[in-house]
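K.L.:
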Amino acid sequence: MEFFPPLEFSILGGWILLIIEWSIPILTLSLAPHETRKKLLDRTHFSKKQKQFLIFSKLFSLILLILIFFTPLSLNSPEFYIGIIIFFVGSLIQIIALINFIKTPMDKPVTTGMYKISRHPQDTSIFISYIGICLSIGSWVALILLFLGHIFKHYSVLAEEEACAELYGEIYEEYRKKIPRYLLFF
């Protein structure tokens, strides 16, 4: 691992993992009805402050994406192999969580499949996948940017939970008491 690996476009670069990561929701959601996609991406209920946190999160994400895109994979290093395994585990969880979301009726909260383990398995799985990508390129700066961006993303998650509590009422409150926000006790 290097603090800031050299930036250069490489045939075997982090961009390969980005394409895989971005293809997962695009391909999976292409199978979903328009209303389901709309529900997943709806941010109209966010307050001004929550939208600002979302923008900060997106800025960190953009910088991270550029860094990953122009950093070669750290091939033949232990962190590359560990990172690839973590990346594919996160990707698999993301696919399952998206399918759980798509299969749930619009008027009910999603509480099956990966949603029995985490209230936000899509966000959690993306975070896990990006930890794998950051390890695969061997960059401490990328990991730091990922964690900083996720701190701001947390406020979007809180806004989503407020919206779900309003929309689904007591059913969601019971679900919220039983299932951790991310994983384990987080």
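Position 106 of the sequence shown, counting from 1, maps to 120 under this note's numbering, and the rest follow consecutively.
C-beta: ideal position from N, C-alpha, C; glycine also.
Model, not experiment: these values are computed from the prediction.
#1: Alpha carbon to alpha carbon, what distance is there between residue 111 and residue 129?
#2: Check residue 104 in the structure and name its three-state DSSP category.
#3: Please identify the residue among 149, 17, 30, 194 whose C-alpha is closest to the C-alpha of residue 90.
#4: When we look at the beta-carbon of residue 146 and count the other beta-carbons within 10 Å, is it buried (16 or more) or exposed?
#5: Is it true that the stretch 34-46 meets the stretch 175-183, where meeting means three or more beta-carbon pairs spaced less than 8 Å apart?
#6: Any idea which residues DSSP pairs residue 86 with across the strands?
#7: Using a beta-carbon distance below 7 Å, is residue 123 in contact with chain C?
#8: Let me check understanding here. Comparing Cα to Cα, which of 125, 106, 123 lies closest to residue 38?
#9: Just to confirm my understanding: we take residue 31, look at its own chain, exclude 5 residues before and 5 after, and list those with CB closer than 7 Å. What are they?
#10: Does the beta-carbon of residue 29 have 16 or more other beta-carbons within 10 angstroms, so that it is buried, or is it exposed?
P.N.:
Per the coordinate set shown:
#1: 7 Å
#2: helix
#3: 149
#4: buried
#5: no
#6: 27
#7: Reference to chain C is not applicable here, since this structure consists of a single protein chain.
#8: 106
#9: 101, 147, 150
#10: buried
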